[in-house]
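Quick note, the sequence shown lines up with residues 30 to 447 if you use my numbering.
Ideal Cβ positions, reconstructed from N, Cα and C, are used throughout, including at glycine.
All figures in this text were calculated on a predicted structure; none of them were measured in a lab.
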Amino acid sequence: MAEELDPFKIAQIQLDEAAEIMDLDKQVHAMLREPMQSVTVNFPVRMHSGATKEFTGFRVLYNNARGPGKGGIRFHPAENIDTVKALAAWMTWKCALADIPFGGAKGGVIVDTKRMSETDLEALSRQYIRSIGSFVGPHTDVPAPDVYTNPQIMAWMADEYSKMHGRDEFGMITGKPLELWGSQGRFDSTAVGGMYVLREAAKLRKMNLRKARVAVQGFGNAGHFALDLVTKMFGSKVVAISDSGGGVYSPGGLDYKKLQEAKAKGSVDDYRGGQKITNEELLDLDVDVLIPAAIENQITKANADKVRAKMVLELANGPVTPEADKILFERGIPSMPDFLVNSGGVIVSYFEWAQNISGYYWTKEDVYSRLDTIITRSFRDVVNAQREHKGRKINYRMAAYTIAIGRVAAAMKARGWY
Ligand code: GLU
Numbered sequence: 030m031a032e033e034l035d036p037f038k039i040a041q042i043q044l045d046e047a048a049e050i051m052d053l054d055k056q057v058h059a060m061l062r063e064p065m066q067s068v069t070v071n072f073p074v075r076m077h078s079g080a081t082k083e084f085t086g087f088r089v090l091y092n093n094a095r096g097p098g099k100g101g102i103r104f105h106p107a108e109n110i111d112t113v114k115a116l117a118a119w120m121t122w123k124c125a126l127a128d129i130p131f132g133g134a135k136g137g138v139i140v141d142t143k144r145m146s147e148t149d150l151e152a153l154s155r156q157y158i159r160s161i162g163s164f165v166g167p168h169t170d171v172p173a174p175d176v177y178t179n180p181q182i183m184a185w186m187a188d189e190y191s192k193m194h195g196r197d198e199f200g201m202i203t204g205k206p207l208e209l210w211g212s213q214g215r216f217d218s219t220a221v222g223g224m225y226v227l228r229e230a231a232k233l234r235k236m237n238l239r240k241a242r243v244a245v246q247g248f249g250n251a252g253h254f255a256l257d258l259v260t261k262m263f264g265s266k267v268v269a270i271s272d273s274g275g276g277v278y279s280p281g282g283l284d285y286k287k288l289q290e291a292k293a294k295g296s297v298d299d300y301r302g303g304q305k306i307t308n309e310e311l312l313d314l315d316v317d318v319l320i321p322a323a324i325e326n327q328i329t330k331a332n333a334d335k336v337r338a339k340m341v342l343e344l345a346n347g348p349v350t351p352e353a354d355k356i357l358f359e360r361g362i363p364s365m366p367d368f369l370v371n372s373g374g375v376i377v378s379y380f381e382w383a384q385n386i387s388g389y390y391w392t393k394e395d396v397y398s399r400l401d402t403i404i405t406r407s408f409r410d411v412v413n414a415q416r417e418h419k420g421r422k423i424n425y426r427m428a429a430y431t432i433a434i435g436r437v438a439a440a441m442k443a444r445g446w447y
């Protein structure tokens, strides 16, 4: 049978499995299988050429029992509603596991930003936020950056939304630049959080990170900071990296500065002094830690038995399919689940929102130390939940699911929804 690769079906399969493990109430389970609100918008944008182009965008509020929706906006040529629904579901579990006061949401626009001018990108960002304007806000649903979006785009959106309401509403979106009341430490927080999880996981598995060889797939918001940090924080050696254009491998280690230069010219595969590899080949390398930090469905039934890493650290959302999960688990390769590993981004988004709402701003040291406290606590929660279910031998992902679902279900019950 062909493997299920529709991200939303995958999110439902994971939920069903966790519901069974925890004997979840049937009504709650049914409600958690679908988003509470799913919006599709078609909107015109006047491009700087003078022509008007129509775009399609989405915003899904998966569940808001624990608080306003929270989740990024992706600008991607292959964006579709099912991927956004899946990512919104995963945001729900991410915020619940981190125990921050948000539900889950996600947005996206079908667009190839690589071929867009800055002026057109700004016009698109403003029109998109206008189109979903009545569904977002500091106490309804709070967007943030994700694949191919960045702090500048968040700033344009905050500005447009503030104009729509005739007052500044910085708390309506996070991941803003510091000049517009973003948070210290937000820019690399996804990667920093991932490093704290790696530190704890290595302690648990008795892995010496100073001697570790690391491969990173992806050079975006998460991956490019991760490859720098893993060396700076632990002295590990990054031996392979890739982006959507291809990758490079060098057993002696890669130089971060030289990688940035290659990327500035187009792709990391222009790096001199390494062997060119494909994205697929990167996943099979003999390394200690494999960090998928790009997009979903990278480790699947087709290649999970070829993974030679001793540990997988899922910095992307949804990089490992359920079939691949089973194969890795049987092979004794722990995969640290995405909604734990990459929760640093949304945790610092929470700090940013709290700072915007209160009008009081924190230092970088404060941000990182509070992030460390929260994500380390989440990691321990997951390890303890996995131990409690030892009779059933569940993986870390299912352990994380049982905690997150339990918290969302408890809020739904307290609200009197069932
Ligand atoms: N896009 C990030 C994620 O997938 C951050 C979301 C947020 O900060 O709201 O977790």
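Query raised in the report: When burial is assigned at 16 or more other CB atoms within 10 Å of the CB, is A80 buried or exposed?
Result: With fewer than 16 other Cβ atoms within 10 Å, it is exposed.
Query raised in the report: With a cut-off of 8 Å, do at least 3 Cβ pairs link the stretch 201-213 to the stretch 127-135?
Result: These segments do not touch.
Report task. Taking only heavy atoms of the ligand GLU into account, decide whether any of them is closer than 8 Å to the Cβ of A184. Result -> No, since every heavy atom of the ligand GLU falls outside the 8 Å radius drawn around the Cβ of A184.
Requested in this report: Starting from I270, follow the beta strand (DSSP E) in both directions and report where the run begins and ends.
Outcome: Per DSSP, the unbroken beta strand (DSSP E) holding I270 starts and ends at K266 to D272.
Report task. List the DSSP bridge partners of P73. Result -> Beta-bridge pairing links P73 to E83.
Report task. Pick helix, strand or coil for N385, following the three-state DSSP scheme. Result -> Helix.
Requested in this report: Measure the C-alpha to C-alpha separation of M183 and F104 and round it to an integer number of angstroms.
Outcome: Between the alpha carbons of M183 and F104 lies a gap of roughly 12 Å.
Requested in this report: Could you work out which residue in V341, V412 and D354 is closest to L233 when comparing CA atoms only?
Outcome: Of the listed residues, the one whose Cα sits closest to L233 is V412.
Query raised in the report: Thinking C-beta only, is N332 closer than 9 Å to L312?
Result: L312 is a Cβ neighbour of N332, given a cutoff of 9 Å.
Requested in this report: On a CA-only basis, which of L369, S271, A291 and K339 is nearest Q327? Give me that one, please.
Outcome: Of the candidates L369, S271, A291 and K339, the one whose C-alpha sits nearest the C-alpha of Q327 is S271.
Query raised in the report: Near M340, which residues of its chain fall below 6 Å by C-beta distance, leaving aside the five closest residues on each side in sequence?
Result: When the five nearest sequence neighbours on each side are left out, the beta carbons in the same chain lying within less than 6 Å of the beta carbon of M340 are those of V318 and P363, in order along the chain.
Query - Helix, strand or coil at K286 according to DSSP, with G and I counted as helix - result: The three-state secondary structure of K286, taken from DSSP, is helix.
Report task. Would you decide whether Q304 is buried or exposed? Buried here means 16 or more other CB atoms lie within 10 Å of its CB. Result -> By the 10 Å Cβ count, Q304 comes out exposed.
Query - Inter-residue spacing [alpha-carbon to alpha-carbon] between P73 and D54 - result: When rounded, the separation of the alpha-carbon atoms in P73 and D54 is 44 Å.
Query raised in the report: Is any heavy atom in the ligand GLU found nearer than 8 Å to the beta carbon of T203?
Result: Within the cutoff, so yes.
Query raised in the report: For I423, which residues of its own chain have a beta-carbon under 7 Å away from its beta-carbon, when the five flanking residues on both sides are left out?
Result: If the five residues before and after I423 are omitted, its C-beta is found closer than 7 Å to the C-beta atoms of I50 and Q415, all from its own chain and listed in chain order.
Query raised in the report: Does the distance from the CB of P167 to the CB of G200 come in under 9 Å?
Result: Between P167 and G200, the gap from beta carbon to beta carbon is short of 9 Å.
Requested in this report: Examine the ligand GLU and report whether any of its heavy atoms sits within less than 8 Å of the Cβ of D217.
Outcome: D217 Cβ: outside cutoff for every heavy atom of the ligand GLU.
Query - Nearest residue (CA-CA) to V316, options L126, I386, L400 and A244 - result: Answer by Cα proximity: A244.
Query raised in the report: So A345 packs on P321, CB below 8 Å; how close in whole Å?
Result: Indeed they touch by this definition, with Cβ atoms about 5 Å apart.
Query raised in the report: Should V297 be counted as a contact of the ligand GLU given a C-beta to heavy atom distance under 8 Å?
Result: No, the beta carbon of V297 sits no closer than 8 Å to any heavy atom of the ligand GLU.
Query raised in the report: Taking just the CA atoms, how far does S78 sit from A59?
Result: Their backbone Cα atoms lie some 48 Å apart in a straight line.
Query raised in the report: Cβ atoms of N93 and D170: under 9 Å apart, would you say?
Result: Result yes, Cβ atoms of D170 and N93 sit closer than 9 Å.
Query - Stretch pair the stretch 359-376 + the stretch 394-406: three plus CB contacts closer than 8 Å - result: Yes, the stretch 359-376 is in contact with the stretch 394-406.
**Report entry** Extent of the continuous beta strand (DSSP E) to which A173 belongs
**Finding:** That run of the beta strand (DSSP E) goes D170 to P174.
Requested in this report: Closer than 6 Å by C-beta to K335: which residues in its own chain qualify, once you throw out the five before and the five after it? Chain order, please.
Outcome: Residues of the same chain with a CB within less than 6 Å of the CB of K335, apart from the 5 flanking positions on each side, are D313 in chain order.
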